[in-house]
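Numbering (our numbering), first residue to last: 25 to 139. Ideal placement from N, C-alpha and C gives every residue a C-beta, glycine not left out. All figures in this text were calculated on a predicted structure; none of them were measured in a lab.
See below:
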């Protein structure tokens, strides 16, 4: 059932939890009724259904008609208690980078604040 730990907690291993539902709204309730949100998968022949579910499920990554595909330029990370920040992609590089601003002026002073 959706109240069992296997349906509500992150499990990292060869485990499948299969729950039944009778509507998309019910499926979204089950999927979102957890403190975790690393990733989700949606399978359907209807692109509209896939996009509606992908927009509504609260997870950092949603795979549509596939699972565990990825590209290094795409950020990866979870929502809720599934982690902070993102790995991979431009944002991850920015997390490990410090920016510095260096300004200098050559020539006549033009700003009122520098005389």
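Opposing strand residues paired with residue i [DSSP bridges]
i: residue 60; result: 104
i: residue 65; result: 87
Within 9 Å, strictly: CB atoms of residue i and residue j
i: residue 64; j: residue 87; result: yes
i: residue 31; j: residue 48; result: no
i: residue 110; j: residue 84; result: yes
i: residue 57; j: residue 33; result: no
Supposed contact pair residue j and residue i - C-beta distance, whole angstroms, cut 8 Å
i: residue 106; j: residue 40; result: Contact doesn't hold; Cβ gap of about 19 Å is too wide.
i: residue 99; j: residue 112; result: 6 Å
i: residue 104; j: residue 59; result: 6 Å
Residue i burial status per 10 Å Cβ neighbour count (16 or more: buried)
i: residue 3; result: An answer regarding residue 3 cannot be provided, because it is not within the stretch 25 to 139 covered by the chain.
i: residue 101; result: buried
i: residue 117; result: exposed
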